[in-house]
Amino acid sequence: MKLHLPQDGGVTIIENEFIDLYMPYANGEFVKVYLYILRCAGCGAELSVSSIADVFNHTESDVHRALTYWEKLHLLKLRYDSTGALSDIHLLSAGRGGSEDPEEPAGNGKASSSGSGSSPALLTAGPAAGITLPAESYEEPAKEKKVPEIPERSLTSERISRLMEQEEIRQLMYVADTYYGRPLSSTEQSDLLWYYDGLGFSADLIEYLIEYCVSRGHTGHRYMETVAQGWYRSGYRTVSEAKQGSAAYGADYFAVFRALGIRSHVPTPAETEFMDRWLHTYDLPLDVISEACRRTILQIHEPSFEYTDKILRKWHLAGVRTIADIQPLDQAHASRSTAREPVRRTGAGAGRFGNFPQRVYDWGSLEQQLLSDSDADGKEG
């Protein structure tokens with residue numbers, strides 16, 4: 038597999054956006070693979086999946102997973118030839134969130150991008166890449182995945198007693214006490230037992246769940262329960278799967294940042310709490326969240342997590358699940374606004390004050406009231 042990138046072979050350019058927005062949340066081994074590909078692209082070195090695996094003492098499956106991970110984040114685009122073998126890898130710009138669609142390679146297979154990384158770079162590959170897909174398709178069609186239902190809690194006091202007798206559970210409770218810096222409440226203990234017995238999480242996965250929540254400043258059992266249910270629905274059953282899933286959520290964070298026009302820092306704990314609420318608690322898809330961010334900027338002309346949260350809270354309560362669900366809410370809002378508008382007068386009667394509602398008087402009633410008041414004053418005199 039030959040790599041071509043027209044830049045100085047003595048320098049490998051890494052975009053700041055990659056370092057700031059993608060690297061902190063990615064698996065370290067995936068970062069190594071990405072940087073190595075970038076390095077090799079600069080000098081036109083021969084490359085294959087097996088050669089990458091040899092450099093880092095990985096398996097070829099590890100390299101495949103890394104390539105797929107960066108493709109999902111739109112930093113790479115993989116192309117396959119008619120036999121289904123990997124033929125081209127496009128490096129996409131992290132500065133634009135990898136949004137550009139790479140042009141088809143010219144006959145010589147070389148990239149048309151500059152060394153600045155401002156446009157996509159092409160890496161040409163051969164059958165040595167060892168990745169196969171159906172020849173008739175560029176990427177595998179998405180398979181509809183059934184989301185598992187959260188099982189009902191059915192822990193009896195007898196079952197809890199038996200679980201607490203297990204050495205693995207006692208060790209887990211000790212670890213949890215250590216993370217929290219205090220003994221767990223009965224509710225918190227019950228939650229951990231439910232994750233173990235009801236959701237089928239291993240003790241190691243529950244320990245990572247505690248570490249994940251505490252490291253983000255969330256020790257409330259409701260937050261941990263929400264994350265646990267999210268992992269269960271996503272099919273995470275090992276620590277490795279949960280870590281990769283967490284990295285994907287990190288990518289979602291930065292997609293929200295881009296929608297709000299924020300590019301200068303990694304998420305703060307407060308910002309993470311907002312985004313966790315939208316992604317976990319409200320369980321809203323990213324395109325709906327991005328639409329709320331867009332409306333925030335249009336309305337107040339600056340990024341505001343508080344303002345975006347107000348929009349998303351209303352949509353969540355209204356049952357919004359897709360972009361299409363927002364349109365009826367917009368129409369209802371427009372109808373209410375129209376109904377509240379005052380009737381505007383036009384024509385001869387419309388002057389400086391013609392746009393205000395006009396009072397209507399019953400002059401006959403007023404005359405009778407004045408006469409009655411005059412008669413009453415005369416009698417008193």
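Take the sequence shown: its letters are residues 38 to 418, numbered as in the working numbering. Positions of the beta carbon are idealized from the N, C-alpha and C atoms, including for glycine. None of the values given here were measured: they were computed from a predicted structure.
Hey, how far is the Cα of residue i from the Cα of residue j?
i, j, result
"A329", "P61", "26 Å"
"L115", "H127", "6 Å"
"W231", "R190", "7 Å"
"M201", "Q208", "10 Å"
"E205", "D125", "49 Å"
"K280", "I56", "19 Å"
"R76", "S88", "14 Å"
"Y260", "Y249", "11 Å"
"Q439", "E339", "The chain is shown only over 38 to 418; residue 439 falls outside these bounds and no answer can be derived."
"G237", "I51", "42 Å"
"T193", "G235", "12 Å"
"L112", "Y71", "9 Å"
"V86", "A78", "14 Å"
"E225", "Y245", "16 Å"
"K182", "V251", "Low confidence applies here, because K182 scores a pLDDT of 47, under 50, leaving its location unreliable; read the following figure in that light. Cα-Cα distance, rounded: 31 Å."
"E54", "V276", "28 Å"
"A240", "L58", "31 Å"
"A361", "L221", "44 Å"
"S119", "S327", "37 Å"
"I243", "I74", "35 Å"
"T215", "I197", "21 Å"
"L84", "E278", "28 Å"
"S8", "E195", "Nothing about residue 8 can be reported from this structure: the residues present for the chain run from 38 to 418 only."
"Q203", "H255", "27 Å"
"D367", "Y217", "45 Å"
"R219", "Y233", "21 Å"
"T49", "I247", "39 Å"
Could you check where the alpha helix (DSSP H) with residue i kicks off and where it finishes?
i, result
"M210", "204-217"
"H111", "No alpha helix (DSSP H) contains H111, which DSSP labels as neither H nor E."
"M201", "194-201"
"S88", "86-93"
"Y233", "223-234"
"M261", "258-271"
"E328", "323-337"
"D241", "240-252"
"W315", "That residue, W315, is in no alpha helix (DSSP H); it is neither H nor E in DSSP."
"D57", "It is not in any alpha helix (DSSP H) - D57 carries neither H nor E in the DSSP assignment."
"H255", "It is not in any alpha helix (DSSP H) - H255 carries neither H nor E in the DSSP assignment."
"E343", "342-354"
Among the residues of its own chain, which have a CB less than 7 Å from the CB of residue i, if the five just before and after it don't count?
i, result
"T263", "H317, T318"
"L323", "D289, A292"
"H258", "T224, E225, D228"
"R199", "none"
"K69", "F93"
Going by other Cβ atoms of all chains shown within 10 Å of its Cβ, with 16 needed for buried, is residue i buried or exposed?
i, result
"V100", "buried"
"Y269", "buried"
"A158", "Confidence in A158 is poor, its pLDDT being 41 and thus under 50, which makes the residue's placement too unreliable to answer from."
"T345", "buried"
"L354", "exposed"
"Y211", "exposed"
"A371", "exposed"
"V325", "buried"
"A213", "buried"
"I187", "exposed"
"A307", "exposed"
"A265", "buried"
"A369", "exposed"
"A63", "buried"
"D313", "buried"
"S374", "exposed"
Less than 8 Å between C-beta atoms, sequence neighbours within five positions excluded: which residues of the same chain meet that for residue i?
i, result
"A90", "T96, E97, D99, V100"
"E66", "F93, H95, D99, A103"
"L321", "W315, L349, W352, H353, V357, R358"
"G282", "W268, S271, Y273"
"E108", "K114, L115"
"R253", "P306, T309, E310, D313"
"P185", "Y269, R270, G272"
Can you list, in chain order, the residues of its chain with a C-beta nearer than 6 Å to that of residue i? Leave out the 5 residues immediately preceding and following it.
i, result
"F311", "F342, D346"
"Y106", "F67"
"L110", "A288"
Item to check | Meets three-Cβ-pair contact criterion under 8 Å: the region 319-338 and the region 285-300 | outcome: As far as the Cβ criterion goes, the region 319-338 touches the region 285-300, which means the pair count is three or higher.
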